[in-house]
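Report on the following structure.
4 protein chains.
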Amino acid sequence: MDKKTVAIVGASGYSGEELVRLLLSHPFVQLSAVTSRQYAGQTLAQIFPKFAHVPGARSLRFSEPNPESLARQAQVVFLALPHGVAAEFAIPLLQAGCQVIDLSADFRVKSAAVYQDFYAHEHPAPELLETAVYGLPEVYRAKIRNAMLVASPGCYPTSILVPLIPLLKAGLIKPDGIIADSLSGVSGAGRKAELDYLFVECNESVRPYGIPKHRHLSEIEQELSAAAGVPVTIQFTPHLIPVNRGILSTLYTAPSQPLRGDAQALSAFSAKVEQCYRAAYADEPFVRLLEGKALPDTKNVVGTNVVEFAWRLDPRTGRLIVMSAEDNLVKGASGQAVQSMNIMCGFPETTGLM
Amino acid sequence: MDKKTVAIVGASGYSGEELVRLLLSHPFVQLSAVTSRQYAGQTLAQIFPKFAHVPGARSLRFSEPNPESLARQAQVVFLALPHGVAAEFAIPLLQAGCQVIDLSADFRVKSAAVYQDFYAHEHPAPELLETAVYGLPEVYRAKIRNAMLVASPGCYPTSILVPLIPLLKAGLIKPDGIIADSLSGVSGAGRKAELDYLFVECNESVRPYGIPKHRHLSEIEQELSAAAGVPVTIQFTPHLIPVNRGILSTLYTAPSQPLRGDAQALSAFSAKVEQCYRAAYADEPFVRLLEGKALPDTKNVVGTNVVEFAWRLDPRTGRLIVMSAEDNLVKGASGQAVQSMNIMCGFPETTGLM
Amino acid sequence: MDKKTVAIVGASGYSGEELVRLLLSHPFVQLSAVTSRQYAGQTLAQIFPKFAHVPGARSLRFSEPNPESLARQAQVVFLALPHGVAAEFAIPLLQAGCQVIDLSADFRVKSAAVYQDFYAHEHPAPELLETAVYGLPEVYRAKIRNAMLVASPGCYPTSILVPLIPLLKAGLIKPDGIIADSLSGVSGAGRKAELDYLFVECNESVRPYGIPKHRHLSEIEQELSAAAGVPVTIQFTPHLIPVNRGILSTLYTAPSQPLRGDAQALSAFSAKVEQCYRAAYADEPFVRLLEGKALPDTKNVVGTNVVEFAWRLDPRTGRLIVMSAEDNLVKGASGQAVQSMNIMCGFPETTGLM
Amino acid sequence: MDKKTVAIVGASGYSGEELVRLLLSHPFVQLSAVTSRQYAGQTLAQIFPKFAHVPGARSLRFSEPNPESLARQAQVVFLALPHGVAAEFAIPLLQAGCQVIDLSADFRVKSAAVYQDFYAHEHPAPELLETAVYGLPEVYRAKIRNAMLVASPGCYPTSILVPLIPLLKAGLIKPDGIIADSLSGVSGAGRKAELDYLFVECNESVRPYGIPKHRHLSEIEQELSAAAGVPVTIQFTPHLIPVNRGILSTLYTAPSQPLRGDAQALSAFSAKVEQCYRAAYADEPFVRLLEGKALPDTKNVVGTNVVEFAWRLDPRTGRLIVMSAEDNLVKGASGQAVQSMNIMCGFPETTGLM
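Residue numbers (our numbering), protein chains in the order written: chain A, 52 to 405; chain B, 52 to 405; chain C, 52 to 405; chain D, 52 to 405.
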């Protein structure tokens, strides 16, 4: 089999770097171009010494991002760019016949109006919104297979959607009143030289931010609404914690029927939840439903493309609490994008991700 | 003024160590005894090198814990012992006329039945429950002034009760459906040689635990119920995060009246919340209501006796979210205990704590 | 090609866990047994949830360590046991025809007397010392190829020997007066429930330990002496730093000839050092000689089997300083052991390690 | 006693912030002005929420730095500015009669030529070099008492000079061949928005930097030379480690006489070292000579003005190794500056520092 040629636009940020890691060791692709305005002319090995021992990293040089030359160099292009900018590259690359996997928010939301509401500028390419596929393989695998443009989900959304969508589809929880309390490692803020993300400002610190209207709400609510069949509005509180990688989300939901104090109803509902999750995820290679007393821990997923979760039904309150963990740069960004690429290219879905 | 003599029973744990720090530099007391089975015979300076330059630490030696000799050595005794054990010391010390400040859970809950439900053993001294005062000065200052036995609050409860009690007393939020999502530094687990708290197991990790029935719920719900005037049951999810010290609590509440989408009602409610908090805390030296865009951050309270908090009203959901931060070993334990001591002894309340 | 069967004895510590990670994904071996007294009967997935998504981890169960059954189950056996205990397993396994790779210190030192001096007990199997091969592939590749018993080097030694051996062999530095100042992550202390290694005791802390006669000196000096052709005694100071993984060693050496203040001699000597290192390591897949202004950083080697290093000649003092970084659990332990296995089994040396 | 008025120029960096902390709670001074170009007009409480509960912090506002108004507002002025800039403020403030304590490097080195060699620009006020006093109270207490301009030592130098000066003065170690291997927390790099100091770049990382000619060598060698009575050149290697605060220095020295293998000589030399250190530091409130098996640990000095150290004589090599720990922002910067102020103003030396 001939290797597919792939390119990364914006390869110097944390998501870009993680794409480099995954694609350099992927057996079915050849990383043919990486772009970075800042580092143009330098080799991957010079900018990311950690890859210097990997064959290929010593010869591949960052180039200026240029859609035309990218289209000549690569069959598949990953965009690891800020929102707004990503669309500018997607348009010409798609026209040139490339498959595009966008890690920005530009094509995740189906409505240009919602995009403008949350991202505070007009959508740069509304005509592409219809064809873009939301790149959550566990939900949209079939569509991804034939997509030319995949909008890879945000880090927080993945940790929230994977545990909630099956429950909403099955009508087991109320679509109203959901709360998502999420904790993210600092790499989620990107490789930006800002005082807020200095070591001394983040270490020995934990803090909420972006309250109450974080941008990721737009795609979270879109996908939850699709699963529920009715409009869903949730409460979402992100926090910054002093780890490099990892997101932990604690999700508070209300079962569709009242359970508090009714032992039999609690037990029957528990069985339904377990069955619902097994039906949804037993065969998914990257979703891990924890068993027994195990609770999620970011250290068990960091560096992998796995999202793991556990649930507890609280007999005192009647609430169903679901807790999930993922690596924000892998299942929450670059790993999931490679998973989509595997599907789009007809490779076994776990290739390069186990 | 003659200095009061004070003793710490169980001074080798993290709370005990923090009491040592605060009491060694307190101008109106003399630390006359510290006990530790493990370290009996050694000086404070030997076990805690960090205090070795403080006058007094080189001469004071740990002794075996013995109520009779403690009663001779100290007018005020702090108990930093496991629950169950604390009561055994409280009884003889009170009989000998000492003022006792207990940092364990033994006297926090008024009902021996609730204690047994949450702590899984019979209450060791139910006859003392009536006279014990819950040592949250912002609520029980007057009672603390005349108390012989103060039950100093737990770390999580302090971070939850301070922001919620004024709202419940004023009837601004519904007593039902409250969620407290809390994040704690590892010192909260105590100085225990267990695999779960090794550096490598906690660093680069974040995880929930104690779901869904953590012991602190017993005192939290008791105090929230007292404030609301009706029984309150809450959802409480503690998480372990990789910092030494600090608790951050994110509290989800429902305003008593529906507000979603009603700009005028939202604005009027906001004014009431602000007014309620100012009335409650404007003059409190250790409660900081954040202003403007500021959100709580544990790094701003670590090492201090301050609990800081901010609130946001979400117009999309109509919910009131309150976020608080404290040092779990200071306002969440030893600092608050010293604050109670100051009140009990007639010292200015902030002595040794600013 | 039939897969080799491999076993890990003592698989529940950090080195054992890292062996599990590497061997589960190694294409030419089948992990057929893992032992742990503590976890016997439980699956790998239960004890190490992070491997639960890897095929094989859900079915493989820890067993009691038993040499006879191990010899039936595995062709190659890794010993991740405390010193003293490892030898007890090595003897019967070798007799049964297994290839043994020992990660303990039991077979690293050639002299039973030196072993006793540093490890404070008699050597448990002195008759095996002659046949054991020190498992540093960059030095002993040919011997490893035919070895039945490989003593895999310690974590500190690897970071010190790789940069120093070529210089000593070439006579470029004096064998006398070498200083090795090393910094290690906390996983180097093993998975032991001791107060010293609690998160709160290690986080926001840095401290020297094991001064001045650390056990690793025995193998370091043995190998440096072999390279120099004369007995070498060095100064070695280990420190504990708050990272999970990684060792950084700063090595102070004196060039064989005086250079201070002599620009021409300095320049000529620099060229010799560069040439010496290139000759030694240009083709080594796991040794990275840094170029230009780059200095080693543990974050660039963590998770890899690479040891990277840089050197600087100080014109003010005439000293040659060499700085190296490695992952203490990979190149410093389990990765290097797998590298030896690859050589012993005739697999390409980098298999499963890139 | 009337309080002295004091000002801090450049109060928004980490040293400036630490000065704010110490001076706000100092009983004999009134913090009358803090300057910051960036934050002019805002209160201390707004920029540093952690001080918001301290009386004074809510009213004191940052102002533009202006020597004339500073001279009217303050009797003592602390300069927490970059080198080069500090001198520009020192000149007019001294002329106006203020006592000046400079935390930059501008007045530490006595020779303008050495300054230019290490700082790469001409000295901005060479005429002041003679009158400036190097603010290491343990060495220059008498001179500090009468100084108008104190050059407060750098963080690394303090950790190196305190342990070495008594040994050199007593002739116990050779002035030649000293090596200082130092580890610093990230606050040492200042509050600068640079990629190198982002959380993700520093966490789980340790790396050397500034090899081999760090600027602090200029003052270290000046003071060691003064102590030894002959020119001293040392090897100095700083490393960055993932802690907020703290410096650990490991110092390698050679006793003046050969000791290796001579038990009697080793024992006699040990006694001399102990006696030398006790004579020098037994009465120093901020120097802690560790006893018994204790080794320095940054966590025992962080937040205090103490530098602690221990020494070991290695019988195998005959070397004397001294290890020290301090808080780089307290004894290594702002605490030491306040200590000098106490001396200059006739306050008890430990005021506000215990």
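By construction, the Cβ of each residue, glycine as well, lies at the ideal position given by its N, Cα and C atoms. These figures come from a predicted structure and were not determined experimentally.
Separation of the CB atoms of C/Y303 and C/I372 is rounded to 6 Å, and the pair is thereby assigned contact status at 8 Å.
Interface annotation, D/P259: not in contact with chain A, CB-CB separation never under 9 Å.
In the three-state reduction of the DSSP assignment, A/V136 falls in the helix class, which pools H, G and I. Per DSSP, the continuous alpha helix (DSSP H) segment holding B/S269 begins and ends at L268 to A279. Residue B/I224 holds the alpha-carbon nearest to the alpha-carbon of B/G369 among B/K55, B/I224 and B/A125. Within a 10 Å sphere around the beta-carbon of D/Q286 sit 16 or more other beta-carbons, which makes this residue buried. Per the Cβ contact rule, the region 73 to 85 of chain D is not in contact with the region 223 to 238 of chain C (fewer than 3 Cβ pairs under 8 Å).
Contact check between the region 121 to 129 of chain A and the region 106 to 113 of chain A: fewer than three CB pairs, one atom from each, fall below 8 Å, which does not count as touching. Scanning the region 186 to 260 of chain D from its first residue to its last, the whole alpha helix (DSSP H) runs of 4-plus residues come out as 188 to 196, 206 to 220 and 250 to 253. Proximity of the region 292 to 306 of chain A to the region 376 to 393 of chain A meets the contact definition, three or more beta-carbon pairs being nearer than 8 Å. Note that the C-beta distance between C/A141 and C/V151 is below 9 Å. Annotation: A/R363 to B/M405 spans about 42 Å, alpha carbon to alpha carbon. Every alpha helix (DSSP H) stretch that sits fully inside the region 282 to 363 of chain A and reaches 4 residues is listed by chain position as 314 to 332. Annotation for D/E178: no alpha helix (DSSP H) segment contains it, and DSSP assigns it neither H nor E. Put simply, the backbone Cα of B/K243 is about 39 Å away from that of D/E189. With the criterion set as a beta carbon lying under 8 Å from some beta carbon of chain B, the members of the region 359 to 382 of chain D are E359, in sequence order. In this structure, the beta-carbon distance from D/Y207 to D/P133 does not fall below 9 Å. Excluding five sequence positions before and after C/G403, the CB atoms of its chain that fall closer than 7 Å to its own CB belong to L73, S76, H77, P78 and V389, given in chain order. The C-beta of D/V353 has 16 or more other C-beta atoms within 10 Å across all chains shown, which makes the residue buried. A/R242 reaches chain D at L246, L249, V251 and E252, counting residues in chain order whose Cβ is nearer than 9 Å. For D/S375, the enclosing beta strand (DSSP E) starts and ends at L371 to E377. With fewer than 16 other CB atoms across the displayed protein chains lying within 10 angstroms of its CB, A/T182 is exposed. Excluding the 5 residues flanking it on each side, B/I394 has same chain C-beta neighbours closer than 7 Å at P188, R192, I195, R196 and E400, in chain order.
Inclusion of A/G92 and A/R112 in the CB contact set at 9 Å is warranted, their separation being smaller than that value. In the structure shown, the three-state DSSP call for A/Q93 is coil. Against chain D, the beta carbon of B/F398 has no neighbour under 8 Å; the closest one sits roughly 17 Å away.
The Cβ-Cβ distance between B/S83 and B/G61 does not fall below 9 Å. Taking C-beta atoms under 8 Å as the contact rule, D/A131 and D/L70 qualify, at a distance of about 6 Å.
A direct Cα-to-Cα measurement between D/C396 and C/I271 gives close to 55 Å. Close CB contacts of B/S276 within its chain, under the 7 Å cut and outside five residues either way in sequence, are with P282 and V283 (chain order). Inter-residue distance for D/H104 and D/G386 is about 21 Å (C-alpha atoms, whole angstroms).
Contact between A/T349 and A/V294 holds: their C-beta atoms lie close to 7 Å from each other, under 8 Å. Residue pairing by DSSP places C/R88 opposite no residue, since no beta bridge is assigned to it.
Rounded to whole angstroms, the gap between the alpha carbons of D/G343 and B/Y260 is 40 Å. Judged by beta-carbon spacing, D/A333 lies beyond the 9 Å limit of B/P100, meaning their Cβ atoms are not closer than that value. Counting only Cβ-Cβ distances below 8 Å, B/T284 has contacts in chain A at R367 and T368, in chain order.
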